[in-house]
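Engineer: The sequence shown begins at 1 in this note's numbering and counts up one residue at a time. Backbone N, C-alpha and C fix where the C-beta goes; we use that ideal spot for every residue, glycine too. On a predicted model such as this, the values are computed, not experimentally measured, just so you know. Take this structure first; my questions come after.
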Amino acid sequence: MKQPSRSAVRAPPTRQPDDRAAPITAMMSSRLMVLANLLKRGAILRYKRLAGLSSVEFGLVASLGRRPPMSVARLAEAVGMDKGQISRALAGLVSRKLVSRGVNPRDSREVLVCLTRAGLIAHDTIVAGALERNQRLLEQLGKGEVAMLLGLIERLTDTAARMLEAEKDLG
């Protein structure tokens, strides 16, 4: 098959300063994803620096928290991830003595995991960092604005959950 010459391939037009954003980037969902991604990237860098944890690991440590031991299946459900990916991350956390695992005394087929003392220190570091980041993010808003924003986010989240269920029903 003959390839077009380089001169025949057109470069995309350059944007003019007065061009409007593409419709998808102007949508609320797109803007919220940009915000969420920026916050996640900042959190990943912080928790790597403060606690030496990857994004998957800090999610697991945060989810295990100061709770009773939980099964790997329940943990996977809580973080919305595949059990295989969770198991690999847990193996790293166990080898670094941040998580302990043991057999469920009520069901020997089930493995339970919980944070060790070192894991609790990492957890508390994450929580302190998250509180500081949250305060810094919201300090530019008044109390009423924060309350309104949280209410709006809750409403949007409820609507998004219903939309997801509707898509599942169609698929």
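1) Report the start-end ranges of each alpha helix (DSSP H) in the segment 50-110 that is 4 residues or longer and not cut off at the edges.
2) When we look at the beta-carbon of residue 95 and count the other beta-carbons within 10 Å, is it buried (16 or more) or exposed?
3) Could you pull out every residue in the same chain whose Cβ sits closer than 6 Å to the Cβ of residue 135, ignoring the five residues on either side in sequence?
4) Which whole-angstrom value is the C-beta distance of residue 111 and residue 71, which I expect to be below 8 Å?
5) Taking the alpha helix (DSSP H) that residue 125 belongs to, which residues open and close that run?
6) For residue 119, count the other beta carbons within 10 Å of its own beta carbon; 16 or more makes it buried, fewer makes it exposed. Which is it?
7) When you compare each of 75, 32 and 46 to residue 115 by their alpha carbons, which one comes out closest?
8) Quick one: grab the DSSP three-state call for residue 148.
9) Give me, in chain order, the residues of the same chain whose beta-carbon lies closer than 8 Å to that of residue 24; leave out the 5 immediate sequence neighbours on both sides.
10) Which term fits residue 146, buried or exposed, when burial requires 16 or more other beta carbons within 10 angstroms of its beta carbon?
11) Can you tell me whether residue 161 is buried or exposed? The criterion is at least 16 other CB atoms within 10 Å of its CB, across all chains shown.
Structural biologist: In short, the structure shows the following:
1) Taken in chain order, the whole alpha helix (DSSP H) runs of length 4 or more contained in the segment 50-110 are 55-64, 72-79 and 83-95.
2) Exposed.
3) If the five residues before and after residue 135 are omitted, its C-beta is found closer than 6 Å to no C-beta atom of its own chain.
4) Between residue 71 and residue 111 the Cβ distance is about 7 Å, and since that is below 8 Å, they are a contact.
5) Looking at the DSSP string, the run of the alpha helix (DSSP H) that includes residue 125 is 117-138.
6) Counting other Cβ atoms within 10 Å of its Cβ, residue 119 reaches 16 or more and is therefore classed as buried.
7) Here the closest residue by C-alpha is 75.
8) DSSP places residue 148 in helix when its eight states are reduced to three.
9) Hits under 8 Å: 30.
10) By the beta-carbon neighbour count (other beta carbons within 10 angstroms, threshold 16), residue 146 is exposed.
11) Result: exposed.
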